[in-house]
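Working notes for the structure below.
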Amino acid sequence: MKQARAWLTRERVLDAAAEEFAVHGFAATKVEAVVARTGMTKGALYAHFGSKHQLASALVDESAEHWKRLRDAPADTLPRPTAGAALTELLGRMRGQFETNVRFRAALRLAADCERYEGDSDGFFGDIRREMVTSVRRAQQEREITPSYPAESLAYLILAVLYGFSYMPTWDASHGVPVEPDDAWHVLRTALRLG
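Residue 194 is where the sequence shown ends in numbering that gives the first Met the number 0, and the numbering goes up by one at each step.
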């Protein structure tokens, strides 16, 4: 019973920290804000995580494992999909995570912050970037994505759009023509010839 309660508390802390990190990044996130989200004391939080860095590391480590499962998930269709279809499927799985999994979204921001400041290109964010570039390059070789631009540039654009989707509200009729994320995503896929 005590172990289950400790696990639930740890999960609550991770969720609260993810909410803060996703919005503010590592440097601007305050432990006090995480504590306020949990309704716990600072001491209770520190009983599970000794520092803000440990909290961020736990989120990144968890999401890195989650990413490997997303990346390595078998294709939904047989025979093996084309490179463009495989990329579209991976992007769909990632988009689902960006939209529904605040821990994944926070971990990506934390990993990107860490890479920017510490040069950690071999970590979680670096692995996602390498997979995107490789997948785009494969699709370009099979002529399913325009080869007119470097794979790195297209992968960057795709990741920026995916990440941005999680922060953009749906535009309703008050903004003119309503825009759903699926509509915008279709435009990008068509422009890249992912159809």
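Ideal Cβ placement from N, Cα and C applies to all residues, glycine included.
Fair warning: this is a prediction, and the values are worked out from it, not measured in the lab.
With C-beta atoms as the reference, is residue 153 less than 8 Å away from residue 176? As a working mapping, residue 153 is identified with position 154 in the sequence shown. As a working mapping, residue 176 is identified with position 177 in the sequence shown. Against a cut-off of 8 Å, the Cβ pair of residue 176 and residue 153 comes out as no contact.
Cα-Cα separation between residue 138 and residue 26, rounded to whole angstroms: Within the sequence shown, numbered from 1, the residue matching residue 138 stands at position 139. Within the sequence shown, numbered from 1, the residue matching residue 26 stands at position 27. Taking the straight line joining both Cα atoms gives about 37 Å.
What residue range is occupied by the uninterrupted alpha helix (DSSP H) comprising residue 162? For the purposes of this step, residue 162 is identified with residue 163 of the sequence shown, where counting begins at 1. Per DSSP, residue 162 belongs to the alpha helix (DSSP H) from 150-164.
Output the distance between the C-alpha atoms of residue 91 and residue 178, rounded to the nearest integer angstrom. Indexing the sequence shown from 1 puts residue 91 at position 92. Indexing the sequence shown from 1 puts residue 178 at position 179. The straight-line gap from Cα to Cα measures roughly 18 Å.
Could you check the C-alpha separation between residue 125 and residue 133 for me, to the nearest Å? The residue you call residue 125 lines up with position 126 of the sequence shown. The residue you call residue 133 lines up with position 134 of the sequence shown. In this structure, the alpha-carbon of residue 125 lies about 12 Å from that of residue 133.
Beta-carbon spacing of residue 165, residue 61 below 8 Å: For this step, residue 165 is matched to residue 166 along the sequence shown. For this step, residue 61 is matched to residue 62 along the sequence shown. No.
Residue ranges of each alpha helix (DSSP H) within the segment 94-138, 4 or longer: Within the segment 94-138, the complete alpha helix (DSSP H) runs of at least 4 residues are 101-117.
Quick check for students: name the residue ranges of the alpha helix (DSSP H) that lie wholly in the segment 19-83, counting only runs of 4 or more. At a cut-off of 4 residues, the continuous stretches assigned as alpha helix (DSSP H) that sit fully inside the segment 19-83 are 30-37, 41-47, 51-71.
Tell me which residue opens and which closes the alpha helix (DSSP H) that residue 189 is part of. Numbered from its first residue, the sequence shown carries residue 189 at position 190. That run of the alpha helix (DSSP H) goes 180-191.
Can you tell me the Cα-Cα spacing of residue 2 and residue 102, whole angstroms? In the sequence shown, counting from the first residue as 1, residue 2 sits at position 3. In the sequence shown, counting from the first residue as 1, residue 102 sits at position 103. The straight-line gap from Cα to Cα measures roughly 22 Å.
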